[in-house]
Amino acid sequence: MGRTAATGRLRIIGGTWRGRKLTVPGLAGLRPTPDRVRETLFNWLAPDIAGLRGLDLFAGSRALGFEALSRGALEMTFLDTQAEARKALRAGAEQLGAAPRILAQDALSFLAADNGRYDLVFIDPPFSANLWGTVLSVLPPRLAPGHRVYLESPADADPLPQAGWRVLKEGRAADVAFRLLAYAPDGSTANGEN
Numbered sequence: 000m001g002r003t004a005a006t007g008r009l010r011i012i013g014g015t016w017r018g019r020k021l022t023v024p025g026l027a028g029l030r031p032t033p034d035r036v037r038e039t040l041f042n043w044l045a046p047d048i049a050g051l052r053g054l055d056l057f058a059g060s061r062a063l064g065f066e067a068l069s070r071g072a073l074e075m076t077f078l079d080t081q082a083e084a085r086k087a088l089r090a091g092a093e094q095l096g097a098a099p100r101i102l103a104q105d106a107l108s109f110l111a112a113d114n115g116r117y118d119l120v121f122i123d124p125p126f127s128a129n130l131w132g133t134v135l136s137v138l139p140p141r142l143a144p145g146h147r148v149y150l151e152s153p154a155d156a157d158p159l160p161q162a163g164w165r166v167l168k169e170g171r172a173a174d175v176a177f178r179l180l181a182y183a184p185d186g187s188t189a190n191g192e193n
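Numbering that gives the first Met the number 0 puts the sequence shown at residues 0 to 193.
This is the structure:
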């Protein structure tokens, strides 16, 4: 979307840290996922968050990753290339008493080098970067069985790059589309969903 976000506050809306507020840095292109969209996403995911390994590929405001940790995710890896965003991530983690992994790496480099498997992946890159298809095309080897992938994009974009990705749930808020995805290359009903 390209706009510069004003420094503000982010409220965690559920779980152990419900109601806690974190400072959001004012960085160009930063679009914290609105409360209403986060509430919808985590209703879709409930009650299956406890014990999950998560990956926030474009952490930015860290709204999604900290929300998942608040609701019982076992661990979260945050990626962001901007020093100010990582500083805010570390400050938020300290404020909440959390110990996520925070890396100064871009999503594509990380996915090429990492050998972990993740249950829950958040993909919400700067819209101007147009990275959805590229990230989705290299993500499958990093997905654990039963995974879920959250994708946020402009409402008029078609970000799914290839066969194998299945939309489990989707919604729209203003000019933003959000989807819960699973990857099933054999065309099966991904991870048991109908």
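Note that CB positions come from ideal geometry on N, CA and C, so glycine has one too.
Being a predicted model, the structure only gives us computed values, none of them experimental.
- Between R52 and E74, the C-beta gap is smaller than 8 Å, which places the two residues in contact.
- If you compare the alpha carbons of K86, R141 and G170 with that of T32, the shortest gap goes to G170.
- The three-state reading of DSSP puts T22 in strand, counting E and B together.
- Fewer than three beta-carbon pairs drawn from the region 134-142 and the region 67-86 are found closer than 8 Å, and the two stretches are therefore not classed as touching.
- Residue pairing by DSSP puts L179 in a beta bridge opposite Y149 and K168.
- Note on geometry: alpha-carbon atoms of I11 and G96 lie some 14 Å from one another.
- DSSP, read as helix, strand or coil, puts G53 in strand.
- Bounds of the beta strand (DSSP E) holding T76 are E74 to L78.
- Between A176 and A154, the C-beta gap is smaller than 8 Å, which places the two residues in contact.
- CA-CA distance, P125 to R19, rounds to 25 Å.
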